[in-house]
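First residue of the sequence shown: 1, per UniProt numbering; consecutive thereafter. Just below is one structure, and these are the notes that go with it.
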Amino acid sequence: MADEDHEGEHGWPTVDEDEEHAHDGGYPGGVPPAPGQVLPERIGAPADEGPTEEHAPPRSHRRKLVLGSVALLVVAALAGALAVPDVSNRLELPWAPNAPLGPVPEPAAVERGLLGSDATAERPSGAGVTAAIEDAVSDPVLGDLTGSVMDPYTGSVLWEQDADRPLTPASTTKLLTGAAAALSLDGTTRLSTTVVRGEQPEDVVLVGGGDPTLSRAADGEDTFYPGAPRLDELAEQVLDAAGGEIDTVAVDLSAYTGDTTADGWSSEDVPSTYAAPVVAGMLDGARTELDEDHPMRQENPAGELVTALAERLDAEVAEPSVVDAAPEAEVLGEVRSVPLTDLLRQMLTASDNLLAEAVARQVAIAEGTEPSFEGAAEATLDVLGRAGFDTSGVELHDGSGLSEHNRIPARLLAELLAVTAGPLDGDRPVAELRPLLDGLPVAGGDGTLLERYAEEPAESARGWVRAKTGTLSEVNTLAGTVLDQEGRVLVFALMSEGSTVREGRAALDEIAATLRDCGCE
Numbered sequence: 001m002a003d004e005d006h007e008g009e010h011g012w013p014t015v016d017e018d019e020e021h022a023h024d025g026g027y028p029g030g031v032p033p034a035p036g037q038v039l040p041e042r043i044g045a046p047a048d049e050g051p052t053e054e055h056a057p058p059r060s061h062r063r064k065l066v067l068g069s070v071a072l073l074v075v076a077a078l079a080g081a082l083a084v085p086d087v088s089n090r091l092e093l094p095w096a097p098n099a100p101l102g103p104v105p106e107p108a109a110v111e112r113g114l115l116g117s118d119a120t121a122e123r124p125s126g127a128g129v130t131a132a133i134e135d136a137v138s139d140p141v142l143g144d145l146t147g148s149v150m151d152p153y154t155g156s157v158l159w160e161q162d163a164d165r166p167l168t169p170a171s172t173t174k175l176l177t178g179a180a181a182a183l184s185l186d187g188t189t190r191l192s193t194t195v196v197r198g199e200q201p202e203d204v205v206l207v208g209g210g211d212p213t214l215s216r217a218a219d220g221e222d223t224f225y226p227g228a229p230r231l232d233e234l235a236e237q238v239l240d241a242a243g244g245e246i247d248t249v250a251v252d253l254s255a256y257t258g259d260t261t262a263d264g265w266s267s268e269d270v271p272s273t274y275a276a277p278v279v280a281g282m283l284d285g286a287r288t289e290l291d292e293d294h295p296m297r298q299e300n301p302a303g304e305l306v307t308a309l310a311e312r313l314d315a316e317v318a319e320p321s322v323v324d325a326a327p328e329a330e331v332l333g334e335v336r337s338v339p340l341t342d343l344l345r346q347m348l349t350a351s352d353n354l355l356a357e358a359v360a361r362q363v364a365i366a367e368g369t370e371p372s373f374e375g376a377a378e379a380t381l382d383v384l385g386r387a388g389f390d391t392s393g394v395e396l397h398d399g400s401g402l403s404e405h406n407r408i409p410a411r412l413l414a415e416l417l418a419v420t421a422g423p424l425d426g427d428r429p430v431a432e433l434r435p436l437l438d439g440l441p442v443a444g445g446d447g448t449l450l451e452r453y454a455e456e457p458a459e460s461a462r463g464w465v466r467a468k469t470g471t472l473s474e475v476n477t478l479a480g481t482v483l484d485q486e487g488r489v490l491v492f493a494l495m496s497e498g499s500t501v502r503e504g505r506a507a508l509d510e511i512a513a514t515l516r517d518c519g520c521e
């Protein structure tokens, strides 16, 4: 099975893919699937383990602001407001009088603020951390465990276990992808989708720029990705600029090269509820439905895209439907994604695989390597190496972590997070990497950690842990930050092989919660 963070990655129930793979004998829009989709079959997890990916939270959950136990609480202002009788009456609080007694006093002056780390707190020690987590890291359900805990303020390693030995990272791979993008691209970068004039004046070509968030949602309807551009808007621009009827629509997918699935992906991964062929043009991350929490993905996303645009332009799909647009063709319309910083946040929080592969290819384009799985992996390691990270032992085959052949040492994940969360006055690229922290899911709060940390012994860390998750068959990983009892930020990277999904996740969560509960000085 695939990565738990398959778009939230795993945790969502899976769909019977045999039924979804049934084909009507033709390809949508006449676009044949690109090569590279038939791969060695993956050995799945035992049937009683359930899904092996932690999926993005249902859309209904995403609309809720889960603050109950989140570490950053605005407390004083709320307490002051509820002390005012008018407010008490309106909210029908148990202690409220039926009417204010006398003039309502002016609210007391309060200082609003967020609870954050304390740079003056007692520094954690290696001996303290080791003693605190000794029992938790020895849990046999973790199988083969490697890991590292660091103090980002000093850069010191507080605990490690085989941290230099590379293991399968699953979706914690996205931390490397996000870091490479943050280091090599401007945070304001937007991905463009354009429509240009074809060889004949009445023909048009949609040029895919690698934006998987382009949405078929109508105006007034929610797009799956917040702030995503809409196909309807693009079609309106084309109709206004075309100067006449449009006969045919084709698509240009040349922004990407190579196979559409990576080495180490299984045939069951594409299509699935968490992945689809990686091509330069698609709608809504290739989802078949927008009103479901975890729908199947499309087998031929480019075909669905060109068909949808043709319908909006009252035109036919060209034959052949995949072409290379002329470099100097007249542009008839263009829509753009939200800025890269927002895409990275969405990618990490929901562990969105197709968004990760799109981001990885943008890194490849910026670095001048092939915009393919191989080129993106090469570019990612080049960028990280130039930034001073030791990438020895790393083996990348994709940007999402779906590949079972990826290998990353826990040391690198911990170092990357330590630099990202470290002080700004050093010589490391902290400012460029800092936005990645905003995308880490909050324990019990959002993303792929929404439904975790719900029970002891991990419940005490709800809201205090922010971490990227990862799961493949018998693989569980967790890498992120935690605020300890002294107010110090710690970063950790934990990688387990040979563990079941439910027990492995719970054991990793317990380690992170133990770090939260200790002063460790």
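Note that the Cβ used here is the ideal one computed from N, Cα and C, for glycine as well. As the structure is a computational prediction, the values presented were derived from the model and not from experiment.
7 angstroms CB neighbourhood of residue 255 in its chain, flanking five on each side removed: Your numbering for residue 255 matches position 255 in the sequence shown. Excluding sequence neighbours, residue 255 sits near 208, 209, 210, 280, 371.
What is the C-beta distance between residue 278 and residue 204, in whole angstroms, given that I count them as a contact (C-beta under 8 angstroms)? The residue you call residue 278 lines up with position 278 of the sequence shown. The residue you call residue 204 lines up with position 204 of the sequence shown. With a Cβ gap of about 24 angstroms, residue 278 and residue 204 do not count as contacting.
Length of the line joining the Cα atoms of residue 492 and residue 476: Taking the sequence shown and counting its residues from 1, one reaches residue 492 at position 492. Taking the sequence shown and counting its residues from 1, one reaches residue 476 at position 476. Going by the C-alpha atoms only, they are around 14 angstroms apart.
Give the secondary structure of residue 501 by DSSP, where H, G and I count as helix, E and B as strand, and everything else as coil. Here residue 501 refers to the residue found at position 501 when the sequence shown is read from its first residue. Of the three classes helix, strand and coil, the one that applies to residue 501 here is helix, per DSSP.
Using 8 angstroms for Cβ pairs, my map puts residue 229 next to residue 336. What's the rounded Cβ distance? As a working mapping, residue 229 is identified with position 229 in the sequence shown. As a working mapping, residue 336 is identified with position 336 in the sequence shown. Residue 229 to residue 336, Cβ: 6 angstroms. Contact.
Mind checking whether residue 478 and residue 333 have CB atoms under 8 angstroms apart? For this step, residue 478 is matched to residue 478 along the sequence shown. For this step, residue 333 is matched to residue 333 along the sequence shown. Not closer than 8 angstroms, so no.
At 4 residues or longer, what runs of the alpha helix (DSSP H) sit wholly inside the stretch 282-331? Counting only runs of 4 or more, we get 301-312.
Can you confirm whether the stretch 344-363 touches the stretch 184-202 when touching is taken to mean that 3 or more C-beta pairs between the two stretches lie within less than 8 angstroms? yes
Secondary structure, alpha helix (DSSP H): runs of 4+ residues fully inside the stretch 326-365: 340-350
Taking 7 angstroms as the limit between beta carbons, can you name the residues of its chain near residue 520, skipping five residues before and five after? In the sequence shown, residue 520 corresponds to position 520, counting from 1. Counting only Cβ-Cβ distances below 7 angstroms, and skipping sequence neighbours, we find 124, 125, 128, 129, 132, 484.
Unbroken alpha helix (DSSP H) run spanning residue 481, endpoints: The residue given as residue 481 occupies position 481 in the sequence shown. Run containing residue 481: none in the alpha helix (DSSP H); it sits in the beta strand (DSSP E), 475-483.
Does DSSP classify residue 161 as helix, strand or coil? By 1-based counting over the sequence shown, the position of residue 161 is 161. Looking at residue 161 - three-state DSSP - the assignment turns out to be strand.
Hey, residue 180 and residue 379 are a contact pair by Cβ (cut 8 angstroms); roughly how many whole angstroms apart? Against the sequence shown, residue 180 aligns to sequence position 180. Against the sequence shown, residue 379 aligns to sequence position 379. Taking a contact as a CB-CB distance under 8 angstroms, the pair residue 180 and residue 379 counts as one, their CB atoms being some 7 angstroms apart.
Could you check where the beta strand (DSSP E) with residue 273 kicks off and where it finishes? Counting from one through the sequence shown, the residue named residue 273 turns up at place 273. Taken as a continuous stretch (DSSP letters only), residue 273 belongs to no beta strand (DSSP E), as it is neither H nor E.
Verify whether the separation of the beta carbon atoms of residue 146 and residue 163 is less than 8 angstroms. Counted from its first residue, the sequence shown places residue 146 at position 146. Counted from its first residue, the sequence shown places residue 163 at position 163. Taking 8 angstroms as the Cβ cut-off, residue 146 and residue 163 qualify as a contacting pair.
Residue 422 - DSSP class collapsed to helix/strand/coil: As a working note, residue 422 is residue 422 in the sequence shown. Residue 422: coil per DSSP, three-state reduction.
Can you tell me whether residue 85 is helix, strand or coil according to DSSP? On the sequence shown, position 85 is the one that residue 85 refers to. Bear in mind that a pLDDT of 40 at residue 85, under 50, signals an unreliable position, so the number given afterwards is only what the model happens to contain. In this structure, residue 85 counts as helix in the three-state DSSP scheme.
Residue 190: first and last residue of the uninterrupted beta strand (DSSP E) it sits in: Along the sequence shown, one-based indexing puts residue 190 at 190. Under the DSSP assignment, residue 190 falls outside any beta strand (DSSP E); it carries neither an H nor an E label.
Is residue 402 near residue 265, with beta carbons less than 8 angstroms apart? Here the question's residue 402 lines up with position 402 in the sequence shown. Here the question's residue 265 lines up with position 265 in the sequence shown. Yes.
Residue 468 - partner residues in DSSP beta bridges: Translated into positions along the sequence shown, residue 468 becomes position 468. DSSP output for residue 468 lists 479 as bridge partner(s).
What is the DSSP secondary structure of residue 211, reduced to helix, strand or coil? In the sequence shown, the residue the question calls residue 211 occupies position 211. Strand, per DSSP.
Note down the Cα distance separating residue 260 from residue 300, rounded to an integer number of angstroms. Start at 1 with the first residue of the sequence shown, and residue 260 comes out as number 260. Start at 1 with the first residue of the sequence shown, and residue 300 comes out as number 300. Rounded to whole angstroms, residue 260 to residue 300 spans 11 angstroms at the Cα level.
Where does the unbroken beta strand (DSSP E) through residue 522 begin, and where does it stop? What is shown of the chain runs 1 to 521, which leaves residue 522 out entirely.
Enclosing beta strand (DSSP E) for residue 148 [first to last residue]: Your numbering for residue 148 matches position 148 in the sequence shown. Start and end: 144-151.
Could you give the distance in angstroms between the alpha-carbon of residue 200 and the alpha-carbon of residue 325? By one-based count along the sequence shown, residue 200 stands at place 200. By one-based count along the sequence shown, residue 325 stands at place 325. Cα to Cα, residue 200 sits roughly 12 angstroms from residue 325.
Taking only the alpha-carbon atoms, compute the straight-line gap between residue 411 and residue 236 and give it to the nearest angstrom. Your numbering for residue 411 matches position 411 in the sequence shown. Your numbering for residue 236 matches position 236 in the sequence shown. Taking the straight line joining both Cα atoms gives about 51 angstroms.
Looking only at its chain, what residues have a beta carbon closer than 8 angstroms to the beta carbon of residue 286, apart from the 5 residues adjacent to it on each side? Position 286 of the sequence shown, counted from the start, is the residue given in the question as residue 286. So the qualifying residues of the chain are 212, 271, 276, 277, 297, 298, 301, 304, 354.
Just the C-alpha distance for residue 253 and residue 323, rounded to the nearest angstrom, thanks. Locating residue 253 in the sequence shown gives position 253, where the first residue counts as 1. Locating residue 323 in the sequence shown gives position 323, where the first residue counts as 1. Roughly 8 angstroms separates the two Cα atoms.
Residues near residue 166 in its chain [Cβ-Cβ closer than 8 angstroms; skip 5 each side]: Taking the sequence shown and counting its residues from 1, the one referred to as residue 166 is at position 166. Taken in chain order, the residues that qualify are 393, 394, 395, 407, 408, 409.
Note down the Cα distance separating residue 460 from residue 486, rounded to an integer number of angstroms. As a working note, residue 460 is residue 460 in the sequence shown. As a working note, residue 486 is residue 486 in the sequence shown. Cα to Cα, residue 460 sits roughly 15 angstroms from residue 486.
Reference residue 284; option with closest CA among 340, 269, 223: Translated into positions along the sequence shown, residue 284 becomes position 284. Cα-wise, what sits closest to residue 284 is 223.
When the distance is taken between beta carbons, is residue 251 closer than 8 angstroms to residue 290? As a working mapping, residue 290 is identified with position 290 in the sequence shown. As a working mapping, residue 251 is identified with position 251 in the sequence shown. No, the Cβ-Cβ distance between residue 290 and residue 251 is not below 8 angstroms.
Does DSSP put residue 394 in a helix, in a strand, or in coil? Here the question's residue 394 lines up with position 394 in the sequence shown. Correct three-state label for residue 394: coil.
Start and end of the beta strand (DSSP E) containing residue 252? Numbered from 1 along the sequence shown, position 252 holds the residue referred to as residue 252. 248-252 is the extent of the beta strand (DSSP E) around residue 252.
Whole-angstrom distance between residue 239 and residue 312, CA atom to CA atom: Residue 312 sits at position 312 when you count from the first residue of the sequence shown. Residue 239 sits at position 239 when you count from the first residue of the sequence shown. About 9 angstroms.
Can you check whether the CB of residue 155 is closer than 8 angstroms to the CB of residue 388? For the purposes of this step, residue 388 is taken as residue 388 along the sequence shown, with counting starting at 1. For the purposes of this step, residue 155 is taken as residue 155 along the sequence shown, with counting starting at 1. Their beta carbons are not under 8 angstroms apart, which means residue 388 does not touch residue 155 by this criterion.
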